[in-house]
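S.K.: Every number in our numbering is 3 more than the matching position in the sequence shown, counting from 1.
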Amino acid sequence: MTTIRSSIGTEAVLAVAFALAVAACGSGGGSDSAAPDRGPTTESTAAASESPTTGPPTTESPSTEPANTASESATSTPAATDPESVATTATITHEYGTFEIPLHPLRVLALENRRDLETAVVLELPVAAIGAFGGDGEDVVAPFVPIDLDGIEIIDNAELNLERIAALAPDLILAREIYLNDGEAEQLGQIAPILPIAGDGSWRDDLEQLAGWLERSDLLDDALEDYDTALDDVRTRHADRLSTPIAIVEYYPADDTFYAGGVDDFQLQANTLGELGGTLVPFLADRSYFDEPFSIENLGEIADAGAILLVSNSQEDRDLLAANPIWQQLPAVVAGSVVVTDTRTNQGSVYAATESIHSSTSSTTR
4 MTTIRSSIGT EAVLAVAFAL AVAACGSGGG SDSAAPDRGP TTESTAAASE SPTTGPPTTE
64 SPSTEPANTA SESATSTPAA TDPESVATTA TITHEYGTFE IPLHPLRVLA LENRRDLETA
124 VVLELPVAAI GAFGGDGEDV VAPFVPIDLD GIEIIDNAEL NLERIAALAP DLILAREIYL
184 NDGEAEQLGQ IAPILPIAGD GSWRDDLEQL AGWLERSDLL DDALEDYDTA LDDVRTRHAD
244 RLSTPIAIVE YYPADDTFYA GGVDDFQLQA NTLGELGGTL VPFLADRSYF DEPFSIENLG
304 EIADAGAILL VSNSQEDRDL LAANPIWQQL PAVVAGSVVV TDTRTNQGSV YAATESIHSS
364 TSSTTR
C-alpha cells in the first residue's frame, strides 16, 4: 500500500504540482478536521462545518460578492478609549451597519483562523483572540502565518458564545461574512464594532479594502510584493508546464467523496492556479465547490491530470485514501505526482496565497 504524507515547509505546493515533482516527502501536517471546507460557522447547526464528527455539509454557497460596497466617512473623530492608543476612529458604513472603528485598536478578535486572522496579522493589529472550529488544537493557525500565539485566546466559533466573546473585551471584531448573516452581526455589534471579511472572492480586493478602512494601506506593500514576485517567478520557471492540466480535490472520508471547484470558485488554491495561468482537468473546470461532491468511483474523470493537489487534513484520512485501489491506479498517483495541503490554505489571504505558490513542502505517494 502506498502512503500519502503531508507537510508544510520548504517547496511550492502548486509549483511542485505544476512541475510534476517526484517523490519529495516531508513530515508534519495540518489539523485533524476531516470534513469538507464550507467555512466553520454558526451554520454548523445546518451541518455546514469542517467538523469530523458531523455529516456532509449543505450545498448552500456563501455570498459570492466581496464586502466591497462599504464607504468611509471623510472625517475621523476622537475615540474614548485607552489613552495609550492614538485616540482616533473612522466612521465606516458597510452592509452590516455603521460603526465607529478604532484606527488603533488594542484588542482585536479575529473570528476565523484563516482570512480574518491573516488580515489582522498583515495589518499589524493586536490580536487578542482567534476563533477556530473546535476552539483548540496546536494546528489552529497554519505555520505560514507569522504570529506568536502566546497570550492569545482560542475560542470555538462553531456556535458563537456571545458571553465568552464579551468577556474577551475586544474593541474590534474581524468576521467573515458567513458569521454575520443570521442576526449575529447585530449581536456582535453590541460587543464591539465589526469589519466584515468577504466569505469568498478576491482576497486581494478584500485585504485592500480593510487596509483602507483602517488607514493602513502602506502595510500591504511588502506582503503583496512577496506574493507578486513569487507569482512571476513560478510563471517564468514553469511556463512550459503550466499548460498541463492538474486536479485540485478535497477528500471527504466519511463517504469517500471529493469536493472541487473551478479556478474562479471558492478554493484559494484553485484561484492561485488561475492567476498563474494554469488549468484544471475538464471534469473540474466548470464545477463549483458547492456542487454535490463526486464519488471515489468517479476518480477516473481526473485520470488526465498531470498532477494532483490533494486537500486532506489528517494522516489517517490520507492513509485511507492511499489504500483505495481506484486512487492507486490514477496515473498521477502512479507517477508520484501528488501534492498534499490542508484546508488552512482553502480560504486565507496573502499568506495562504503565497504559501500556495512557494512555501509548502510537497508530499508524494510512494
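For each residue, glycine too, the CB sits at the ideal point set by N, CA and C.
Treat the numbers as computed from the prediction; the structure is a model and nothing was measured.
Is DSSP giving isoleucine 2 helix, strand or coil here?
M.R.: There is no way to answer for residue 2, as the model of the chain reaches only from 4 to 369.
S.K.: Using DSSP with H/G/I as helix, E/B as strand and the rest coil, what is proline 382?
M.R.: The first residue shown for the chain is 4 and the last is 369, placing residue 382 beyond what the model contains.
S.K.: Roughly how many angstroms lie between the CA atoms of alanine 178 and valine 337, to the nearest whole one?
M.R.: Roughly 42 Å between the two C-alpha positions.
S.K.: For the pair the stretch 98 to 116 and the stretch 181 to 197, tell me if three or more CB-CB distances fall below 8 Å.
M.R.: Touching, per the Cβ criterion.
S.K.: Could you tell me the distance, in whole angstroms, from the CA atom of threonine 122 to the CA atom of glycine 264?
M.R.: Roughly 24 Å separates the two Cα atoms.
S.K.: Helix, strand or coil: which one does DSSP assign to isoleucine 329?
M.R.: The answer is helix: DSSP assigns isoleucine 329 an H, G or I state.
S.K.: Less than 9 Å between the beta carbons of alanine 195 and leucine 175, yes or no?
M.R.: A contact, by the Cβ cut-off of 9 Å.
S.K.: Below 9 Å between beta carbons: does that hold for isoleucine 305 and phenylalanine 286?
M.R.: A contact, by the Cβ cut-off of 9 Å.
S.K.: Please check the pair arginine 290 and tryptophan 206, which I expect to be a contact at CB under 8 Å, by giving their CB distance rounded to whole angstroms.
M.R.: Their Cβ separation, rounded to whole angstroms, is 21 Å, which puts arginine 290 and tryptophan 206 out of contact at 8 Å.
S.K.: Taking contact to mean at least 3 C-beta pairs separated by less than 8 Å, is the stretch 271 to 280 in contact with the stretch 245 to 263?
M.R.: At 8 Å Cβ cutoff, the stretches touch.
S.K.: Relative to the C-alpha of alanine 132, which residue among Ile95, Pro149, Leu171 is closest?
M.R.: Of the candidates Ile95, Pro149, Leu171, the one whose C-alpha sits nearest the C-alpha of alanine 132 is Leu171.
S.K.: For valine 124, which of Ile155, Thr101, Val284, Glu166 has the nearest alpha-carbon?
M.R.: Per the Cα distances, Ile155.
S.K.: Is glutamate 295 helix, strand or coil by DSSP?
M.R.: Three-state result, glutamate 295: coil.
S.K.: Note down, one range per segment and in chain order, each beta strand (DSSP E) of at least 3 residues found wholly within the stretch 156 to 236.
M.R.: Within the stretch 156 to 236, the complete beta strand (DSSP E) runs of at least 3 residues are 156 to 159, 175 to 179, 197 to 200.
S.K.: Can you look up alanine 145 in the DSSP assignment and give me helix, strand or coil?
M.R.: If DSSP states are grouped into helix, strand and coil, alanine 145 belongs with coil.
S.K.: Name the DSSP bridge partner or partners of alanine 250?
M.R.: According to DSSP, which records beta bridges pairwise, alanine 250 is partnered with Ile311.
S.K.: Evaluate glutamine 332 with the Cβ neighbour count: other Cβ atoms within 10 Å of its Cβ, from every protein chain shown; 16 or more gives buried, anything less gives exposed.
M.R.: Answer is exposed; the Cβ neighbour count stays below 16.
S.K.: Pick out whichever of Ser340, Thr348, Glu358, Glu187 has its Cα sitting closest to the Cα of alanine 161.
M.R.: Cα-wise, what sits closest to alanine 161 is Glu187.
S.K.: Alpha carbons only, please: which of Leu283, Val284, Gly303, Ala310 is nearest the one belonging to glycine 339?
M.R.: Checking every option, the nearest Cα to that of glycine 339 belongs to Ala310.
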